[in-house]
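Residue numbers (the numbering used here), protein chains in the order written: chain A, 183 to 492; chain B, 183 to 492; chain C, 183 to 492; chain D, 183 to 492.
Ideal placement from N, C-alpha and C gives every residue a C-beta, glycine not left out.
Given the structure is predicted, the values throughout are model-derived calculations rather than measurements.
Right, one structure below, let's go through it.
4 protein chains.
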Amino acid sequence: MIVTIIGAAGYTGGMLLRILMNHPKVSLTDVVPVSASHAGQPVDVAHPDLVGTGLVFADAMPSNCDVIFLCTGHGKAAEWMAKHDVGDAIVIDLSADHRLHPEWVYGLPEVHRDRIRTSKRIANPGCFATCIELGLLRLGEHGQLGESVVVHATTGSTGAGQAPSETTHFSWRANNLSVYKPFTHQHLAEIEQVLGMRPIFIPLRGAFPRGILMSAVVKSKAPAERVREHYRERFADHPFVHIVDDLPDVKRAVGTNNVFIGVDNHDGNVLVVSVLDNLLKGASGQAVQNMNLACGFDETAGLHLMGVAY
Amino acid sequence: MIVTIIGAAGYTGGMLLRILMNHPKVSLTDVVPVSASHAGQPVDVAHPDLVGTGLVFADAMPSNCDVIFLCTGHGKAAEWMAKHDVGDAIVIDLSADHRLHPEWVYGLPEVHRDRIRTSKRIANPGCFATCIELGLLRLGEHGQLGESVVVHATTGSTGAGQAPSETTHFSWRANNLSVYKPFTHQHLAEIEQVLGMRPIFIPLRGAFPRGILMSAVVKSKAPAERVREHYRERFADHPFVHIVDDLPDVKRAVGTNNVFIGVDNHDGNVLVVSVLDNLLKGASGQAVQNMNLACGFDETAGLHLMGVAY
Amino acid sequence: MIVTIIGAAGYTGGMLLRILMNHPKVSLTDVVPVSASHAGQPVDVAHPDLVGTGLVFADAMPSNCDVIFLCTGHGKAAEWMAKHDVGDAIVIDLSADHRLHPEWVYGLPEVHRDRIRTSKRIANPGCFATCIELGLLRLGEHGQLGESVVVHATTGSTGAGQAPSETTHFSWRANNLSVYKPFTHQHLAEIEQVLGMRPIFIPLRGAFPRGILMSAVVKSKAPAERVREHYRERFADHPFVHIVDDLPDVKRAVGTNNVFIGVDNHDGNVLVVSVLDNLLKGASGQAVQNMNLACGFDETAGLHLMGVAY
Amino acid sequence: MIVTIIGAAGYTGGMLLRILMNHPKVSLTDVVPVSASHAGQPVDVAHPDLVGTGLVFADAMPSNCDVIFLCTGHGKAAEWMAKHDVGDAIVIDLSADHRLHPEWVYGLPEVHRDRIRTSKRIANPGCFATCIELGLLRLGEHGQLGESVVVHATTGSTGAGQAPSETTHFSWRANNLSVYKPFTHQHLAEIEQVLGMRPIFIPLRGAFPRGILMSAVVKSKAPAERVREHYRERFADHPFVHIVDDLPDVKRAVGTNNVFIGVDNHDGNVLVVSVLDNLLKGASGQAVQNMNLACGFDETAGLHLMGVAY
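Dropping the structure here:
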């Protein structure tokens, strides 16, 4: 099976490489990392931890791809598709370009698993979107989200991509916390598509490189234990979603493809907290999960990742 | 003027010492740092940056105090008051013990400045409480907070005090973010006293040592510019509250006694973001501000502090 | 194969569990995590990321162990050995207790691989020791270390263990750097045993949770390229040691069992920089590497770990 | 007294503004912040914590300057001098351009205080240079540095300036440590000029925004207590240098103009550790100290800064 990664020198491309190196159904020699900026260089020039793989960045995809991951910037993936004949390949687009496109499946396995299994065009969800959607899915499906749910979610700096900027400068971001793009974050459209309503979303930049923590308060008289039970039923056969008895900290998920969801309640309000790794379940891990489904592999193949823990 | 600090070896006592060392109305030789645990030792044993002051921790307050700061743990300040005759001294309690007490003034100068000026018993507000109250005060005073405002606020690790614990362990807290005490944080009572309503308060622990950032969404059709104008009028003669045109990051306030408040709005909702340094405007800086008022000094004396900036 | 971890609730015990969960030669149901403090509780009480394993802490080891990892504190492992009959089991001690013991093999595979393969008593090296020994081994073996090599090495906070203390308090350690135990660190004896000389060792505490970076300057007129070549020859058949052309940053190794070594030279001096993850190659990863060797498995089994990268 | 800052929108220009705002001999209305990139904008556009000053960036210096601070990039200060007639003004250059220039005084008050007092051309030392020079000065002056002292020094990210780059990207730098420019750092020439020898200098990038910690081991049989005594004598009348009995951590100096120096010894070797804030004693604080001397003010005027402490 030939797997191509378009844009393999960036964060999400690098994480895909790291996962596929140990994937039981993928041979490393059949992975083709494509990078216009690094063509001809060994992969460890861009990803210095990946020594000894022998992999070299290619300048174009081979003709016989089975799976293509698009890790190009937003806006570039649609352009790429217009210019290339992908034949019979499965295409998994990590950019935002096809998430609202009627001919692409929205690649959230906890909602569209069956469709993903038979699809060749999969739009991988956004990182914030995945965290918010999974955290509120059970409530949204039962019409319990009300009119104006306020969602706060704080992201690590890798969510902002590799290009340096003022707000990813270490001197600015270390020890800092800040709100950005309140009310209008670009993930709101896909969130609305999944939840059936548009929350009031306040995104924040956190002083950590990896992870997202979402918290939302919803009107509901249900005791936390009952909400947890409903969530557990909802996600019972979804291997990466874990309903926990406490409120999860973000580092619990970092390094893994897991989502942890905790619930508390008080006096007619329910608090939901969900956490994930923005580069794994929020990007490359979920992309491999989608590949597994679309290829008929075990959904968790290659995704038994050791968490960073500390 | 003799100034005594009870509990001078901890975070807030240390910050008081650092401020008073440069206070134009206080002579360093008239500052008495009291610490049961460190009595007889130079202050730089507990605060190694404070070299060369000649100050030594005392085991008890002198008899002729003009101002007494209580930096004892919560619960201990009331005990201390019961056991000591403070005579005619001004007492400023940084603990939670007297914040709801009818005979003490709640030391938030932006609300009670005139009463503080003539008071000898001042209960210094909590750090979260100060950030939330100042952020929402103008709305609360005009009955615009509605029934169920959800407030998120993330604190630095110094908010948890000096005693090491699991969640202040560097290996746990670095790169992390977590919710704790949702709905039931102990500052809610004083917040309700000031705002006239009890918000739904979700506190979080951030991966930074200093600062608090609060964000809250309130139903209101007022454009952000008008809200800002109302805030500017409300705080026009309050030197430490700054209404800004953007949304402030938390590090902007660290190292100073300032509060920065930013406002945005969208489609019937107003977002308020406020930031401060939990050890300064959230504790020792505000305590000195209260001392200044109660002693008839300029409100800002000794509080022209250089921010950390980066 | 029954594998027991004595002291499985701590950092190194937890990392062993995380590795063994995905080890191709170990069945999760045959792993027995022993913890006096947590006996009877699910492992995710101590390690919240390890949900869904079904593992429960035991209060004692089973009678039929094949491999025993000792993750007890220093001083406790020798006590434990005195009190228990381990029968025919392979014992791998992660504490310092047996590193100088004549009947135990010092478990540094890059030096003692053949002896480890046939041994049942393996003393796992210290984290600083591993980083310094591997960084300087080639020079030490050829008598090129001279009389007084100065070695600096900075460790992450997990190196200090799980018990909270002043210097692992987030409020102290964040943004900080400090020297401790200069000249007299307890790993010097084992380092001397391996290198044949005792360096001047200056350990530092860094503001990061994971990793060690060592740097040392050695008198030598050899050009860097030649030194690199010698190192490459020396470690050619050691899968976890990577000689790189630049100077490695510590994060390159975090999350993996790898050691990266870089070399530079100038005007008669050679600089060596080596990095590793103190909890993996510096502790639990190396312990599994030793288990693999002692059990006749592939040396890298279960150790194809994805680096944290960012 | 008119004080002009050329390049006032950067880190060191901003720190100068923050200090001068509270300087007893400088009126804020007589400070002219010049910035080509920000001319016409209020200073809080570049330095958001500096609200309410009324200061606006100018596009050129006024004609009647008494003191000019050059905070332009390296290479640009000499160009600036060639193009401008500074008349009778005192010029303090924070760039590297004049540090070896025979007509400029090297502005290290602990060495050249008397010359600075009468000079109008002062080249402010580099941040690494100041930390290393003050740490080793007493030994250098007594010929005790030997042939090949190895100096390690780790800097915060603000040392790399404001322009974002790969190694100041938060995603790269957080939790990281790395060596750069070993043996050849550009501060070596000025260090040699002060110490009379050229150390082997290994600079490192630390995971903190502010501060430098230097450590160096020197051959000497002198007990630490005697070395400390010599240092104390040497710096007895220098108000910002503090010889301490322990080994100082870097955060002790952050936020202040202080240098802390600690000493230990063992078996014929002496360890010296020195720490400072790279933006204060390593740049803008020292620049104001030089201004104080050149203007005949108290050396410490405006420099009683509160340390960040935590």
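- Going by DSSP, N451 (chain B) is part of no alpha helix (DSSP H) but of the beta strand (DSSP E) stretching over N451 to L458.
- For F390 (chain D), the closest of D:F383, D:T340, D:M396 and D:L429 by C-alpha to C-alpha distance is D:T340.
- Chain order gives the chain D residues near L487 (chain B) as M488, where near means a beta carbon separation below 7 Å.
- Residues are counted here when their Cβ sits less than 7 Å from a Cβ of chain A; for the region 321 to 342 of chain D these are S339 and T340, given in chain order.
- With contacts defined as CB atoms closer than 7 Å, A305 (chain A) and Y288 (chain A) qualify as a contacting pair.
- Under the Cβ criterion of 7 Å, D231 (chain B) is counted among the residues facing chain D.
- Of all residues in the region 369 to 389 of chain B, only I382, I384, L386, R387, G388 and A389 come within less than 9 Å of chain A when Cβ atoms are compared, listed by chain position.
- If you draw a straight line from the Cα of V423 (chain D) to the Cα of V457 (chain D), it is about 10 Å long.
- V432 (chain A) sits away from V445 (chain A), with the two beta carbons spaced by 7 Å or more.
- The Cβ neighbour count for Q223 (chain A), taken over all protein chains shown within 10 Å, is under 16; the residue is labelled exposed.
- Your pair T186 (chain C) and M243 (chain C) checks out as a contact, with CB atoms roughly 4 Å apart and the cut at 8 Å.
- The C-beta separation of T194 (chain A) from S402 (chain A) comes to about 36 Å, leaving the pair out of contact by the 8 Å criterion.
- I382 (chain D) is not a Cβ neighbour of V470 (chain C), given a cutoff of 7 Å.
- Taking C-alpha positions only, G489 (chain B) is separated from V490 (chain D) by approximately 9 Å.
- According to DSSP, residue pairing for R303 (chain C) in a beta bridge involves C:V273.
- For A469 (chain B), the enclosing alpha helix (DSSP H) begins and ends at G467 to C477.
- Assigned with DSSP and collapsed to three states, S330 (chain C) falls in coil, not helix or strand.
- Straight across, the Cα-Cα distance linking A228 (chain B) with A191 (chain B) is about 6 Å.
- Between the alpha carbons of I272 (chain C) and S245 (chain A) lies a distance of about 52 Å.
- Using a CB distance cut-off of 7 Å, S353 (chain D) counts as an interface residue toward chain A.
- The C-alpha of F352 (chain B) lies about 41 Å from the C-alpha of Q326 (chain B).
- Shown here, F352 (chain D) sits in a helix according to DSSP, grouped into three states.
- At a cut-off of 7 Å between beta carbons, N204 (chain A) contacts chain C.
- R387 (chain B) has its alpha-carbon roughly 11 Å from the corresponding atom of W354 (chain B).
- Taking 7 Å as the threshold, the shortest C-beta distance from N358 (chain A) to chain B falls below it.
- Within 8 Å of the CB of T194 (chain A), no CB atom of chain D is found; the nearest one sits about 12 Å away.
- Chain A places no beta carbon closer than 7 Å to that of T438 (chain D), leaving this residue out of the contacts.
- C:G236 is the residue among C:G236, C:R410 and C:V268 whose C-alpha sits nearest the C-alpha of M203 (chain C).
- In the DSSP assignment, V376 (chain C) falls within the alpha helix (DSSP H) that extends over L370 to L377.
- Look at V208 (chain D) here: in three-state DSSP terms it is coil, with no helix or strand label.
- Neighbours of N460 (chain C) in chain D, taken as residues at a C-beta separation under 9 Å, are lacking, since the least C-beta distance is about 12 Å.
- When 9 Å is used as the limit between beta carbons, T312 (chain C) is near no residue of chain D, the shortest such separation being about 17 Å.
- Secondary structure of H283 (chain C) (DSSP, three-state): coil.
- Rounded to whole angstroms, the separation of the alpha carbons of G450 (chain B) and P405 (chain B) is 9 Å.
- When the beta-carbon positions are compared, L318 (chain C) and L359 (chain C) stay at least 7 Å from each other.
- Its chain contains I201, L202, N204, H205, P206, K207, V208, V470 and N474 as the residues whose beta carbon lies nearer than 8 Å to that of G484 (chain D), once the 5 sequence neighbours on both sides are disregarded; these appear in chain order.
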